[in-house]
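J.: Every position in the sequence shown, counted from 1, becomes a number in the numbering used here once 1 is added. C-beta: ideal position from N, C-alpha, C; glycine also. All values reported here derive from a predicted model rather than from experimental measurement.
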Amino acid sequence: MKKKILFINFGGLGDEILFLPSILSVKKEFPDSEITLALEPRSKGIKALTDVIDYTLFADIKGKNKYIELLKLLFKIWVKRFDIVVSSGSNKFISLFLFLTFIKQKYGYNTGKLSEKILTKAVKLNKNQYAVNMYHDLVNGITDNRTFLPEFNITKKETEPNTVLIHPGVSLLSVKKGMIKTVPAETWASVVEKLSNNGKKVILAGGPDDEETIKTIQKSVSPDKYTNFYGKTKNLRELAELISASEIFLCSDSAPLHIAVGLGVKTYVIFGSTDDKKLIPQSDKVIPIKSNCNCPLQPCLWERRQTTCETLDCLKLSADEIADKVLKG
2 MKKKILFINF GGLGDEILFL PSILSVKKEF PDSEITLALE PRSKGIKALT DVIDYTLFAD
62 IKGKNKYIEL LKLLFKIWVK RFDIVVSSGS NKFISLFLFL TFIKQKYGYN TGKLSEKILT
122 KAVKLNKNQY AVNMYHDLVN GITDNRTFLP EFNITKKETE PNTVLIHPGV SLLSVKKGMI
182 KTVPAETWAS VVEKLSNNGK KVILAGGPDD EETIKTIQKS VSPDKYTNFY GKTKNLRELA
242 ELISASEIFL CSDSAPLHIA VGLGVKTYVI FGSTDDKKLI PQSDKVIPIK SNCNCPLQPC
302 LWERRQTTCE TLDCLKLSAD EIADKVLKG
């Protein structure tokens, strides 16, 4: 009889991509299993990148009715009758929630004595590592398989030489919450200009959240200096295919970064307040671009602050600094 396995991972789309290797490893252990992922509605796009997830359950835990949403999720879980549940939550409430699922095998992070009593295995949470490895610790007690990077079910395109694909933005939700993670739109426009003037075939990409930045670039840079794919990728699968055809990918700390990493495309990524050591693997194919602000709190976001500061010294990068990094390789 095939196992029915539930994974619970609440967070943004980037979190779901970083969590994907854990799911893949368990699927390799139980190839006939039925995989369900419980996640937030804002991250449903993960399904476009993989066929390892058979079903999804949604809970809008960022909304006003968080506890009602979780109760609804419990009802859905009870109906499904899962054999194993793996949850990435580090809140002390999570172990109690997992207990209430009545699933026999429960895996989650160790949040204290209650979790040690309730869970089949309470896993030590080690945040001081690449996030893929942090999540994968949860399933090391289930499988010896190890998936080191996200893997996607897409048709990779042939690499177009000398191309630089730029995806400048981050989610509007993060901006609304006061988490600024990229340089101003005017800086991006200058980067496009400089890369084009140095012989690079520049391609622009982005979704609805990037509209303001793309419009600034369009107003500032002659259209013959770049190819505009903004709004032409209808889903994450099409964006991933576009990234796979690029020789170089230049982006901010956002979900497309993790797609490029999984595809093995050489990637340059702007980091300010977040910790590059936790968000990208140690690889000569993934190069962080950071300012030399010498801020004693950097990186601060999530570790020391829940929002970025007003000065944003960590993001005071010039277009020359960014373009030169890419051009010099």
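(1) Pick helix, strand or coil for residue 263, following the three-state DSSP scheme.
(2) Based on the DSSP secondary-structure assignment, which residues constitute the bridge partners of residue 253?
(3) Return the first residue and the last residue of the beta strand (DSSP E) that residue 319 is part of.
(4) Going by the DSSP bridge assignment, what does residue 8 pair with across the sheet?
(5) Over what stretch of residues does the alpha helix (DSSP H) that includes residue 106 continue unbroken?
(6) Whole angstroms are fine: how far does the CA of residue 255 sit from the CA of residue 294?
(7) As a quick exercise: from 189, 35, 68, pick the residue whose alpha carbon is nearest that of residue 95.
(8) For residue 40 versus residue 132, is the C-beta distance shorter than 9 Å?
(9) Please give the ranges of any alpha helix (DSSP H) in the stretch 221 to 251, keeping only runs that are unbroken, at least 4 residues long and fully inside the region.
(10) Given a threshold of 16 other Cβ atoms within 10 Å of its Cβ, counted over all protein chains shown, does residue 266 qualify as buried or as exposed?
(11) In the DSSP output, which residue or residues are listed as bridge partners for residue 137?
(12) Could you check the C-alpha separation between residue 312 and residue 223 for me, to the nearest Å?
(13) Under 8 Å by Cβ, that's how I've got residue 108 and residue 87 pegged, so tell me the actual separation to the nearest angstrom.
(14) Which residues in the same chain have their Cβ closer than 7 Å to the Cβ of residue 99, if we skip the five residues on either side of it in sequence?
(15) Roughly how many angstroms lie between the CA atoms of residue 199 and residue 23, to the nearest whole one?
(16) Distance check for residue 301 and residue 182, CA to CA, integer angstroms please.
(17) Looking at the secondary structure, which residues open and close the alpha helix (DSSP H) in which residue 59 lies?
(18) In the DSSP output, which residue or residues are listed as bridge partners for residue 73?
(19) Using only CA atoms, which one of 6, 257, 184, 274 lies nearest to residue 35?
T.: If we stick to the structure as given:
(1) Residue 263 falls in the helix class under three-state DSSP.
(2) DSSP lists 271 as partners of residue 253.
(3) Note, residue 319: premise wrong, no beta strand (DSSP E); not H, not E.
(4) Per DSSP, 38, 87.
(5) Per DSSP, residue 106 belongs to no alpha helix (DSSP H); it is in the beta strand (DSSP E), 106 to 110.
(6) In this structure, the CA atom of residue 294 is about 22 Å from the CA atom of residue 255.
(7) It is 68.
(8) No, they are not a contact pair.
(9) Qualifying alpha helix (DSSP H) stretches, in chain order: 237 to 245.
(10) Answer is buried; the Cβ neighbour count reaches 16.
(11) Beta-bridge analysis with DSSP links residue 137 to no other residue.
(12) Rounded to the nearest angstrom, the two C-alpha atoms are 31 Å apart.
(13) Their Cβ separation, rounded to whole angstroms, is 5 Å, which keeps residue 108 and residue 87 in contact under 8 Å.
(14) Excluding residues within five positions, the ones whose Cβ falls inside 7 Å are 86, 88, 107, 109, 119, 120.
(15) Each residue's Cα considered, the two are about 41 Å apart.
(16) For residue 182 and residue 301, the distance between alpha carbons rounds to 11 Å.
(17) For residue 59, no alpha helix (DSSP H) encloses it; the enclosing beta strand (DSSP E) starts and ends at 56 to 59.
(18) According to DSSP, residue pairing for residue 73 in a beta bridge does not occur.
(19) Checked all of 6, 257, 184, 274; the closest Cα to residue 35 is 6.
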